[in-house]
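Here's the structure we're looking at; comments come further down.
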Amino acid sequence: FGIDYHPGDDMMVTGDAPTSIHATLQGPWANFLSFESTDLDAVVVDLTGAEPGVLKRRIELADIKPPGGMRVISVSPAAIEVTLDRRVERPIEVEAVVPDAPAFGFQATVRRVEPPKVRVVGPATKMRSLEYVTTRPIDVKDRQEDLDIEVELSPPPPGLRLLDKKVRVLVEIDEEMVQKTFQDVPVALDSAPRGTVVTPAAVTVTVKGPRRTIDALEMKAVQLYVETSPENQDGQVRFEKSVAWRNPPERALLAAPVPKVVVELPKPKRKRR
Numbered sequence: 005f006g007i008d009y010h011p012g013d014d015m016m017v018t019g020d021a022p023t024s025i026h027a028t029l030q031g032p033w034a035n036f037l038s039f040e041s042t043d044l045d046a047v048v049v050d051l052t053g054a055e056p057g058v059l060k061r062r063i064e065l066a067d068i069k070p071p072g073g074m075r076v077i078s079v080s081p082a083a084i085e086v087t088l089d090r091r092v093e094r095p096i097e098v099e100a101v102v103p104d105a106p107a108f109g110f111q112a113t114v115r116r117v118e119p120p121k122v123r124v125v126g127p128a129t130k131m132r133s134l135e136y137v138t139t140r141p142i143d144v145k146d147r148q149e150d151l152d153i154e155v156e157l158s159p160p161p162p163g164l165r166l167l168d169k170k171v172r173v174l175v176e177i178d179e180e181m182v183q184k185t186f187q188d189v190p191v192a193l194d195s196a197p198r199g200t201v202v203t204p205a206a207v208t209v210t211v212k213g214p215r216r217t218i219d220a221l222e223m224k225a226v227q228l229y230v231e232t233s234p235e236n237q238d239g240q241v242r243f244e245k246s247v248a249w250r251n252p253p254e255r256a257l258l259a260a261p262v263p264k265v266v267v268e269l270p271k272p273k274r275k276r277r
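Whatever position you read off the sequence shown (first residue = 1), add 4 for my numbering.
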């Protein structure tokens with residue numbers, strides 16, 4: 005015989021509660037041939053009003069409803085042990101799972117999960133330790149474009165149940181940004197009069213940009229310079245200034261901190277009277 009537990013509205017049976025009991029029946033042989041075990045009425049275990057915890061309930065012969073013309077001789081086990089816990093429902097954060105990388109030189113970022121939280125129901129003791137639920141794996145392998153997709157949620161731990169089964173996830177696929185460092189890169193002087201000195205004459209510089217661009221970048225393409233005309237026109241003869249990159253590739257730039265150099269302009273000659 006199967007067991008049908010009837011807890012209170014705010015309670016639920018947890019753990020490995022028995023799902024069936026065995027009973028010995030007595031009656032005419034013809035009666036045994038006229039029914040299937042699947043047609044037997046379940047044994048109702050009334051747990052209404054019970055509080056959380058481990059409960060023991062006896063199974064009486066009167067609790068079992070035998071088929072017509074039969075009677076119950078014995079039942080096993082005579083008692084069952086059931087664990088009750090309070091039934092809790094609360095919103096739980098969703099974490100999108102993106103296990104693989106997109107196409108080479110690109111990176112995937114989860115920008116939006118809608119809804120960001122879903123309803124989960126289960127026993128209070130298990131709900132306390134549940135921090136998030138996850139989606140099924142989202143495939144972005146070899147992709148170069150954004151992906152907006154509806155995805156199913158993975159089942160929560162045993163004993164817990166999802167009330168919301170799907171979410172919508174936006175995965176942005178962007179070019180991967182990387183850095184590369186070059187040493188002893190010469191610094192040129194723009195609009196500088198003859199005799200101008202720059203210290204140091206070469207610097208260590210780090211550039212950043214899309215991987216496909218930076219990985220192929222050679223030092224000869226990193227042309228550093230300092231524009232001196234504004235300070236020269238202002239009458240300055242010694243100043244410190246950050247270097248600049250002449251004609252960098254698209255989306256490539258110097259990474260902070262950008263090196264600084266000291267520029268010394270020749271002093272203007274005094275006119276003889």
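Virtual Cβ for every residue (Gly too), placed ideally from N, Cα, C.
Check each candidate in the options and name the one with the smallest Cα separation from residue i.
i, options, result
"Pro197", "Pro214, Gln237, Asp89 and Gln227", "Gln237"
"Thr87", "Val171, Gly19, Lys271 and Ala260", "Gly19"
"Thr23", "Val125, Ser80 and Arg94", "Ser80"
"Glu222", "Thr185, Asn35 and Glu254", "Thr185"
"Val202", "Val209, Thr208, Lys212 and Pro190", "Pro190"
"Asn251", "Pro204, Leu151, Ile7 and Val211", "Val211"
"Asp152", "Thr129, Ala112 and Pro159", "Ala112"
"Ile142", "Val155, Lys130 and Arg132", "Val155"
"Ala259", "Pro106, Thr138, Pro214 and Pro32", "Pro214"
"Asp178", "Ser233, Arg216 and Val207", "Arg216"
"Ala54", "Gly6, Met131, Gly12 and Lys245", "Gly12"
"Asp43", "Arg132, Gly6 and Pro272", "Gly6"
"Ala205", "Pro263, Ala82, Met131 and Leu29", "Pro263"
"Gly239", "Pro272, Trp249 and Lys245", "Pro272"
Using 8 Å for Cβ pairs, my map puts residue i next to residue j. What's the rounded Cβ distance?
i, j, result
"Val122", "Leu166", "6 Å"
When you compare only the Cα positions, how much space is there between residue i and residue j?
i, j, result
"Leu134", "Leu157", "15 Å"
"Leu65", "Gly57", "26 Å"
"Arg62", "Ser41", "22 Å"
"Val144", "Val117", "16 Å"
"Ala220", "Glu254", "13 Å"
"Leu51", "Pro71", "25 Å"
"Ser38", "Pro119", "53 Å"
"Pro127", "Met16", "7 Å"
"Asp168", "Thr139", "12 Å"
"Arg75", "Ile84", "22 Å"
"Leu164", "Thr129", "11 Å"
"Asp67", "Val101", "49 Å"
"Leu29", "Lys170", "48 Å"
"Ser233", "Lys224", "25 Å"
"Ala82", "Ile25", "9 Å"
"His10", "Pro160", "24 Å"
"Arg172", "Pro162", "24 Å"
Who are the Cβ neighbours of residue i in its own chain at under 6 Å, not counting the five residues just before and after it?
i, result
"Lys69", "Asp45"
"Asp8", "Ala46 and Val48"
"Met131", "Val92"
Thinking C-beta only, is residue j closer than 8 Å to residue i?
i, j, result
"Val226", "Val247", "no"
"Ala192", "Leu228", "yes"
"Thr200", "Glu268", "yes"
"Ile96", "Val114", "no"
"Tyr136", "Glu99", "yes"
"Asp194", "Glu231", "yes"
"Asp146", "Pro103", "no"
"Thr208", "Gln183", "no"
"Glu176", "Gly109", "no"
"Val27", "Ser78", "Correcting the residue type first, residue 27 is Ala in the shown sequence and not Val. For Ala27 and Ser78, yes; Cβs fall inside 8 Å."
Which residues in the same chain as residue i place their Cβ atom closer than 7 Å to its Cβ, once the five residues preceding and following it in sequence are excluded?
i, result
"Asp14", "Arg90 and Arg91"
"Phe243", "Glu235 and Val267"
Within 8 Å of any Cβ in chain C, is that where the Cβ of residue i sits?
i, result
"Met15", "Absent here is chain C; the protein component of the structure consists of one chain."
Keeping to the same chain, check which residues put their C-beta closer than 8 Å to that of residue i; ignore five residues upstream and five downstream.
i, result
"Pro270", "Pro197, Arg198, Gly199, Thr200 and Val241"
"Gly73", "Gly31, Pro32 and Asn35"
"Leu59", "Leu51, Glu85, Val86, Thr87 and Leu88"
"Pro261", "none"
"Ile218", "Val182, Gln183, Lys184, Val211, Lys212 and Ala256"
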